[in-house]
Amino acid sequence: MYVYDAIDQRMVDERVAQYRDQTRRYLAKQLTDDEFRPLRLQNGLYIQRHAPMLRVAVPYGMLNSRQLRKLADIARRYDRGYGHFSTRQNLQLNWPRLEQVPDILAELAGVQMHAIQTSGNCIRNITTDHFAGIAPDELVDPLVWCELLRQWAALHPEFAYLPRKFKIGVSGSPADRAATLIHDIGLQAQRSDDGAIGFRVLAGGGLGRTPILGQVVREFLPWQHLLTYLEAILRVYNRYGRRDNIWRARIKFLLRAKGLEAFRAEVEDEWHWSKDGPGTLTGAEVERVSRRFTRPVYRRLPDSGELHRQLAASRAFALWHERNVHAHRVSGYRAVTLSLKRRGVAPGDVSAAEMDAIADLAERYGCGEVRVSHEQNIVLADVAAARLHALWLEARALGLATPNVGLLTNIIACPGGDFCSLANARSIPIAADIQRRFEDLDYLFDIGELDLNISGCMNSCGHHHIGHIGILGVDKQGSEFYQVSIGGAQGAHAALGKVIGPAFSADEVGPAVECLIECYLARRDSDAERFIDTVRRIGLEPFKEHVYGKRRSQGTHRVRALATA
Amino acid sequence: MASVVRKGRIESERWQRLDEVRLAALCAGAEAPALAAESVVLIPLGLWLVQRARLACLALRSAVLLNAEDDPSPLLPHLGAVSRIAVHFARFADGRGYSLARVLRQRHGYRGELRAIGDVLRDQLFYLGRVGFDAFELRSDQDPHAGLAALADFSASYQGCSDQPAPLFRRRAA
Ligand code: SF4
Chain A
0 MYVYDAIDQR
10 MVDERVAQYR
20 DQTRRYLAKQ
30 LTDDEFRPLR
40 LQNGLYIQRH
50 APMLRVAVPY
60 GMLNSRQLRK
70 LADIARRYDR
80 GYGHFSTRQN
90 LQLNWPRLEQ
100 VPDILAELAG
110 VQMHAIQTSG
120 NCIRNITTDH
130 FAGIAPDELV
140 DPLVWCELLR
150 QWAALHPEFA
160 YLPRKFKIGV
170 SGSPADRAAT
180 LIHDIGLQAQ
190 RSDDGAIGFR
200 VLAGGGLGRT
210 PILGQVVREF
220 LPWQHLLTYL
230 EAILRVYNRY
240 GRRDNIWRAR
250 IKFLLRAKGL
260 EAFRAEVEDE
270 WHWSKDGPGT
280 LTGAEVERVS
290 RRFTRPVYRR
300 LPDSGELHRQ
310 LAASRAFALW
320 HERNVHAHRV
330 SGYRAVTLSL
340 KRRGVAPGDV
350 SAAEMDAIAD
360 LAERYGCGEV
370 RVSHEQNIVL
380 ADVAAARLHA
390 LWLEARALGL
400 ATPNVGLLTN
410 IIACPGGDFC
420 SLANARSIPI
430 AADIQRRFED
440 LDYLFDIGEL
450 DLNISGCMNS
460 CGHHHIGHIG
470 ILGVDKQGSE
480 FYQVSIGGAQ
490 GAHAALGKVI
500 GPAFSADEVG
510 PAVECLIECY
520 LARRDSDAER
530 FIDTVRRIGL
540 EPFKEHVYGK
550 RRSQGTHRVR
560 ALATA
Chain B
0 MASVVRKGRI
10 ESERWQRLDE
20 VRLAALCAGA
30 EAPALAAESV
40 VLIPLGLWLV
50 QRARLACLAL
60 RSAVLLNAED
70 DPSPLLPHLG
80 AVSRIAVHFA
90 RFADGRGYSL
100 ARVLRQRHGY
110 RGELRAIGDV
120 LRDQLFYLGR
130 VGFDAFELRS
140 DQDPHAGLAA
150 LADFSASYQG
160 CSDQPAPLFR
170 RRAA
């Protein structure tokens with residue numbers, strides 16, 4: 000966990016003072032709505048359907064117990080006692096009062112947190128792998144690089160009024176758990192043959208109305224040049240990205256319009272003058288930032304025989320262990336996912352009491368740190384294998400031990416129509432209905448790995464394009480409909496899903512998902528073939544047949560002719 | 000009353016924007032003596048490029064006017080001979096002028112006055128100052144004292160920029 004120094008602290012404090020004054024002037028009608036909008040957005044404040052929403056930055060998903068308790072405290076005192084973890088690893092508060100936001104930001108600054116650039120047309124919170132620094136398959140620990148990027152992006156004077164929002168994701172592992180292919184800039188840390196660190200730089204990825212996977216702009220960028228090269232990309236985007244049409248304003252459209260080669264040439268030209276200049280990173284700085292991270296002290300632990308006995312003795316524990324416990328690079332340790340996907344609770348929602356409880360668990364079982372995953376769960380990174388069973392018992396008592404990581408009910412969903420003013424349809428009730436239908440654990444485990452994502456509109460905050468099954472809320476003459484796609488994937492083999500056919504009404508979605516699963520179970524090659532593998536092997540047709548054919552034969556539903564383009 | 004924040008002070012001299020007819024008259028040599036006494040005249044880039052020889056002969060203080068969408072490349076060869084450039088912000092939220100300023104200052108080494116004009120508000124001044132503007136013609140409803148204060152909204156910055164090319168990490172080490 001990075002610990003602020005005096006200058007880091009001063010900057011967030013000064014930001015609070017600046018925003019307090021801006022809020023005061025807005026309330027005194029000295030700033031118009033239009034003038035205030037980008038200021039509040041760049042301090043995390045949206046105006047939502049029911050109330051403002053404040054998005055608190057959780058830089059690259061890392062929180063310590065003290066910060067989590069502060070978030071709980073804020074949720075209680077300024078909100079309705081809960082928060083929502085988003086797919087960008089941030090925490091959203093749904094009911095703060097605009098006048099109180101400066102106070103909330105001051106409370107956050109007190110625990111080295113902020114809401115800087117969590118919204119607006121600027122460089123947003125940097126995201127990374129929730130197993131950063133502990134994953135056995137990692138080539139490079141991305142955390143230090145993420146913090147260097149955080150500092151560089153924070154209050155960057157040149158890029159506060161970009162054509163559109165700008166998201167950067169960093170991965171240090173070939174498995175790409177940071178979804179770098181769907182970011183405006185994706186950075187894949189690598190090591191060259193002689194061990195030097197560098198980054199494969201991708202640009203132009205993104206979901207939304209026009210989902211596109213990022214393209215490689217530079218195969219290997221030596222680490223020294225990280226910041227100057229990124230500035231060159233951003234400058235080209237800031238100068239030439241479209242500003243006349245909000246739906247064509249992301250960098251992916253610029254890249255597509257120019258073509259990869261021309262875009263790359265332009266970036267290189269822009270980079271030329273700053274390359275090797277003062278913005279070039281130094282070993283001393285990397286070292287300095289690295290030293291400001293607190294690191295867990297690992298002990299030499301025997302890989303516990305006790306664990307094997309416990310696994311043999313309890314099937315429920317074994318199921319949880321299978322899904323929610325992950326390998327650690329240090330022998331004797333594991334990472335554990337506390338599932339925030341339980342029936343009856345919106346995906347990613349967490350109450351103040353749960354935040355406090357998780358903070359306690361992190362202190363007692365980990366090193367007092369948690370990570371927020373883009374799958375909207377919480378990860379405890381450093382748990383001794385011998386203590387997994389005890390942790391499981393406690394997590395289960397808290398309702399945080401649903402053994403569903405990577406399974407169908409680990410649904411990723413945006414807040415949707417219940418909260419978000421942009422939504423076409425609600426996502427939370429759809430998630431709840433699907434979770435109910437697949438509650439049976441034997442059935443759930445039999446289905447195996449499956450990512451199901453729900454977005455309430457084309458802005459795609461629920462990343463539906465990269466769900467093995469993706470559900471998208473669409474508006475049809477004022478009522479809520481849902482388009483279903485299959486075949487999407489995240490990670491190193493990222494792919495965009497394809498729509499299976501006409502959209503469904505809210506009560507048809509659950510049955511349609513059941514049909515997809517029936518078809519998969521009937522057609523899969525073996526238990527080892529995952530849903531996504533079957534889709535890749537046999538294509539969309541059999542699934543379409545099954546879903547719509549069944550619908551016709553039952554005669555209960557009219558196929559609704561909704562454009563699926 | 001609109002004011003200009005410049006070099007840590009509040010001034011009142013705004014650069015003049017003329018309509019096309021008067022600009023034409025100016026280039027013909029007709030308007031210059033009267034204007035010269037008054038103030039600096041903004042010459043749009045296109046016109047400046049065509050007429051710069053003639054403008055140089057007039058007893059006139061002029062500034063090159065750039066809009067956010069202008070390509071500054073034809074200006075670059077003459078940059079050493081230019082002492083005033085204004086970048087016009089049609090909307091404060093159009094960020095192109097920020098990169099334009101940085102390119103002029105840091106890539107091409109422009110040393111003259113760089114003035115932000117148009118929709119220039121107090122809340123953007125700190126960043127504008129960092130990217131290389133050294134004068135700010137505030138929109139007429141803005142309080143110049145608040146504008147001056149805004150230049151000190153932050154006492155430190157991480158990134159290097161036109162005002163301070165060395166990023167914090169290089170200064171920290173020093
Ligand atoms: S996908 Fe749409 S409905 Fe969902 S949170 Fe994003 S903007 Fe709102």
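Top line first, the protein sequences correspond to chains A and B.
So in numbering that gives the first Met the number 0, the last one in the first sequence is 564, and the numbering has no gaps at all.
So in numbering that gives the first Met the number 0, the last one in the second sequence is 173, and the numbering has no gaps at all.
Where is the CB? At the ideal position from N, CA and C, for every residue including glycine.
What you are looking at is a predicted structure, and each value in this text was computed from that prediction instead of being measured.
query	result
For the stretch 223 to 243 of chain A, list every residue whose C-beta sits within 7 Å of some C-beta in chain B, in sequence order.	Arg234, Asn237, Arg238 and Arg242
Which residue marks the beginning of the beta strand (DSSP E) containing Gln88(A), and which one marks its end?	Gln88(A) -> no beta strand (DSSP E), and no H or E assigned at all.
Along chain B, in chain order, which residues have C-beta atoms closer than 8 Å to that of Gln434(A)?	Under the 8 Å cutoff, chain B gives no residues; its nearest Cβ is about 41 Å from Gln434(A).
Taking 7 Å as the line, does the beta carbon of Asn93(A) fall inside it for any heavy atom of ligand 1?	no
According to DSSP, which residues form a beta bridge with Asn63(A)?	Glu368(A)
Where the beta carbon is closer than 6 Å to any heavy atom of ligand 1, which residues qualify, in chain order?	Cys413(A), Pro414(A), Gly415(A), Cys419(A), Leu421(A), Ala422(A), Ser454(A), Gly455(A), Cys456(A), Asn458(A), Ser459(A), Cys460(A) and Gly461(A)
Under the DSSP definition of a beta bridge, which residues are partnered with His113(A)?	Per DSSP, none; premise fails for His113(A).
Which residue comes first and which comes last in the alpha helix (DSSP H) that contains Gly45(B)?	Leu44 to Cys56
Out of Ala351(A), Arg299(A), His307(A) and Arg308(A), which has the shortest C-alpha to C-alpha gap to Ser330(A)?	Arg299(A)
Which runs of the beta strand (DSSP E) at least 3 residues long sit entirely within the stretch 413 to 488 of chain A? Give them in chain order.	451 to 454, 468 to 475 and 478 to 485
Taking a contact to mean a Cβ-Cβ separation below 8 Å, would you say Val216(A) touches Ala188(A) in this structure?	no
Would you verify that the beta carbon of Leu64(B) is, or is not, closer than 8 Å to some beta carbon of chain A?	no
Mark Arg348(A) as exposed unless 16 or more other C-beta atoms lie within 10 angstroms of its C-beta, in which case mark it buried.	With the sequence shown as reference, residue 348(A) is identified as Asp, and Arg is not the correct amino acid for it. So Asp348(A) ends up on the buried side.
With a cut-off of 8 Å on the beta carbons, I'd call Arg278(A) and Glu230(A) a contact; round off their distance for me.	A small fix is needed here, since residue 278(A) is Gly in this sequence, not Arg. So it is a contact: roughly 7 Å between Cβ atoms.
What residues from chain B crowd round Trp272(A), counting only those whose CB sits closer than 8 Å?	Gln105 and Arg106
Can you tell me the Cα-Cα spacing of Arg24(A) and Leu38(A), whole angstroms?	12 Å
From Gln214(A), Glu284(A), Pro156(A) and Asp243(A), pick the residue whose C-alpha is nearest to that of His182(A); which is it?	Gln214(A)
Can you find at least 3 beta carbon pairs, one from the stretch 79 to 88 of chain A and one from the stretch 6 to 16 of chain A, that sit closer than 8 Å?	no
Have a look at Gly117(B) and Tyr77(A) and give me their C-alpha separation to the nearest angstrom.	39 Å
Between which two residues does the beta strand (DSSP E) containing Asp381(A) stretch?	Ile377 to Ala383
Please classify Val20(B) as buried or exposed, where buried requires at least 16 neighbouring CB atoms within 10 angstroms.	exposed
With a CB to CB cut of under 6 Å and the five nearest residues on each side skipped, what residues in its chain are close to Ala152(A)?	Ile122
Using only alpha-carbon positions, find the residue among Arg333(A), Ala494(A), Ile531(A) and Gln150(A) that is nearest to Arg303(A).	A quick correction: the sequence has Ser, not Arg, at residue 303(A). Among Arg333(A), Ala494(A), Ile531(A) and Gln150(A), the Cα nearest to that of Ser303(A) is on Arg333(A).
Which of helix, strand or coil does DSSP assign to Gly548(A)?	helix
Could you tell me whether the Cβ of Ser2(B) comes closer than 8 Å to any Cβ of chain A?	no
Which residues does DSSP pair with Phe503(A) in a beta bridge?	Tyr481(A)
Below 7 Å CB to CB, which residues in the same chain sit around Pro143(B) once its five sequence neighbours on both sides are set aside?	Ser2, Val4, Ile9 and Leu137
Note down, in chain order, every chain B residue with its Cβ under 8 Å from the Cβ of Gln187(A).	Correct list: empty, because the minimum Cβ distance to chain B is about 24 Å.
Indicate whether at least one CB of chain B lies closer than 8 Å to the CB of Tyr77(A).	no
Put Asn244(A) into one of helix, strand or coil per three-state DSSP.	coil
Pull up the distance between the alpha-carbon of Arg79(A) and that of Glu106(A), whole angstroms please.	17 Å
DSSP state of Gln158(B), grouped into three classes?	coil
Measuring CB to CB, does Gly131(B) end up less than 8 Å from Asp162(B)?	yes
Check the Cβ-Cβ distances between Gly117(B) and every residue of chain A, and say whether any is below 8 Å.	no
Can you tell me whether Gln150(A) is helix, strand or coil according to DSSP?	helix
Can you list, in chain order, the residues of the stretch 8 to 30 of chain A whose Cβ is nearer than 7 Å to any Cβ on chain D?	The structure shown has no chain D; the protein chains it does contain are A and B.
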